[in-house]
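Chains as they are written, first to last, in my numbering: chain C, 3 to 117; chain W, 682 to 1183.
Even glycine gets a Cβ: it sits at the ideal position worked out from N, Cα and C.
Below you'll find the structure, written out as structure tokens, and then a few comments.
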């Protein structure tokens, strides 16, 4: 399963970078979305893909019996998804405002503050 | 239970929340912001005292023991950074009393400012690598919103670049955390340091180290990833620019210091060699970029970049003296750079522009302000006996002792070019006559209004700090020495975090 996931993660990174390098500001934000999702999938993959039971400890026991899934990567991904959601919501509003004020969605025309 | 570690995070969060509750009452928000900033400074000094006495102050969130729960850790470096955060909070809170326009205040200026401070303090104090990511994001979201307050053209353009590159950096940071977790199965920084020492896959460790280097390099605005900074920092409201200039990039520098002394110290020849090159190019490109600029805040923004190079140089040489220099440089730089931005705000108040070609004649009517500018400006360039001289002196001496002649030469050259930029600002803004046909009523009226006097208070206070560091540098040097000793001996940090659980 890992090789498939690794290739999928790589493709998502590639797609994200490609989208971010386009001129359109909307595609830039789509690239950012793909990038954060790719990072989440990477955490999921690199933490080890074991098929296990939920990490619940039976009553009276100190350790769970059998192989259990590692809950921490899932917690990390959940946190990262929430953060990415908030930040991307901001980014979407930002490009909307930027379009309204600058009247362009072409990143090549947003160079006034560069030089 | 060491409660003082959590206070520098809790106080700004609470202040920000209270400010939200009084959303429509600007006067109450202003008062709350001022009180919250002073409380933050007091709490940070308390933390500094405990760290000075105990070495490391550790607090386990929710009483979960060390490698399992989230830990807050303060060593000397964290404590120094938090105290500086408190000082900047006070300076900006006072400055904002006069500089924040009502339209900014209506859109959450004070809550955002304190949320930003909470994010900064959290980044300095956390002992958990994923928690560091979370605090980075808290800080970033607040900074995004602060940067576009006012919604002008330039702000939008600057914000698009700022947001994109910072999100890119966060994604790289997150990916690196994922890979690191896959390798060692823990997130606690002290525990990672222990486990990485036992890990065998050296190639993967280097890859992860470089990913952290890139992620924090973007945040710290190091070469070649600094372009977002000069494109965006000069666009926001001036108090916001000053706060960003003082604190935000330094969070990236702090993260580099933390990660490359505590976690990635196995393959120093490889990682710190990259850091060394990065430092050299950062210094050079920053200072050369500044030489080409004719906008007050843009020159200062480029100088942030070049000064970051000195701090990274301190880390890259990785000798005790160099680390002392790096920490000393951070202390000096935060104070000086914030002060310069605040002064640019006062000249803007007087003449209504940041363009050097349209400024002038300030020395004639405002000699006191001119002297106040000279103190941080000459300090930035490294003229004795000001704070910048000792900061540069320590780093250059460390470079000479390490036989790193090329990088030492670059550091000296960059000091010279910094002086050139500062003289340019001095000549254009303060010395030359005011260009004809400009509205100079605010300048020639002679009497300074009460609201402008408020702008002077933080500038004077920060200038005094610069002078004190310069004229009485020994205590500051001792703090830097203490923190450098801790950074070079990560075992103390590891024992403090993991040992307390047993």
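Assigned secondary structure, residue 929 of chain W (DSSP; H/G/I helix, E/B strand, else coil): helix
For residue 69 of chain C, which residues in the same chain have their Cβ closer than 8 Å to its Cβ, ignoring the five residues on either side in sequence? 52, 53, 54, 55
Chain W partners of residue 112 of chain C, CB-CB under 7 Å? 838, 841
From the DSSP secondary-structure annotation, give me the bridge partner or partners of residue 869 of chain W. W/809
Straight-line Cα distance separating residue 919 of chain W from residue 974 of chain W: 18 Å
List, in chain order, every chain C residue whose beta-carbon is nearer than 7 Å to that of residue 818 of chain W. 85, 89
Could you check the C-alpha separation between residue 1001 of chain W and residue 1076 of chain W for me, to the nearest Å? 11 Å
Compare the C-beta of residue 860 of chain W against all C-beta atoms of chain D and say whether one is closer than 8 Å. This model lacks chain D altogether; the protein chains it does include are C and W.
Give the C-beta separation of residue 924 of chain W and residue 941 of chain W to the nearest angstrom, bearing in mind that I take them to be a contact with Cβ-Cβ under 8 Å. Incorrect: roughly 26 Å between the Cβ atoms, too far for contact.
Answer yes or no: does any C-beta atom of chain W fall closer than 8 Å to that of residue 52 of chain C? no
Residue 753 of chain W (DSSP reduced to helix, strand or coil): strand
So residue 75 of chain C contacts chain W; which residues on that side make the cut at Cβ distance below 9 Å? 859, 862, 863
So, does the CB of residue 49 of chain C fall closer than 8 Å to a CB anywhere in chain W? yes
Starting from residue 834 of chain W, find everything on chain C with Cβ-Cβ shorter than 8 Å and list it in chain order. 103, 104, 114
Taking the straight line between their C-alpha atoms, what separation do you get for residue 800 of chain W and residue 929 of chain W? 10 Å
Pick helix, strand or coil for residue 1183 of chain W, following the three-state DSSP scheme. Low confidence applies to residue 1183 of chain W: its pLDDT is 42, below 50, so where it sits in the model is not reliable enough to give any reading.
Contact set for residue 1051 of chain W: own chain, Cβ-Cβ below 7 Å, skip 5 residues either direction: 1043, 1044, 1111
Measure from the C-beta of residue 24 of chain C to each C-beta in chain W and report whether the shortest distance is under 8 Å. no
Going by DSSP, what residues sit across from residue 741 of chain W in a beta bridge? W/752
When the cut-off is 8 Å and only beta carbons count, does residue 69 of chain C lie next to chain W? no
My output table needs one value for residue 70 of chain C: the three-state DSSP class, helix, strand or coil. strand
Identify the contact partners of residue 852 of chain W in chain C, using a Cβ-Cβ distance below 7 Å as the criterion. 37, 38, 41
With a Cβ-Cβ cutoff of 8 Å, do residue 849 of chain W and residue 814 of chain W count as a contact? no
Name the chain C residues whose beta carbon is nearer than 7 Å to that of residue 825 of chain W? 92
Grab me the residues of residue 1144 of chain W's own chain with a C-beta within less than 8 Å of its C-beta, minus the 5 sequence neighbours each way, in chain order. 1020, 1053, 1056, 1057
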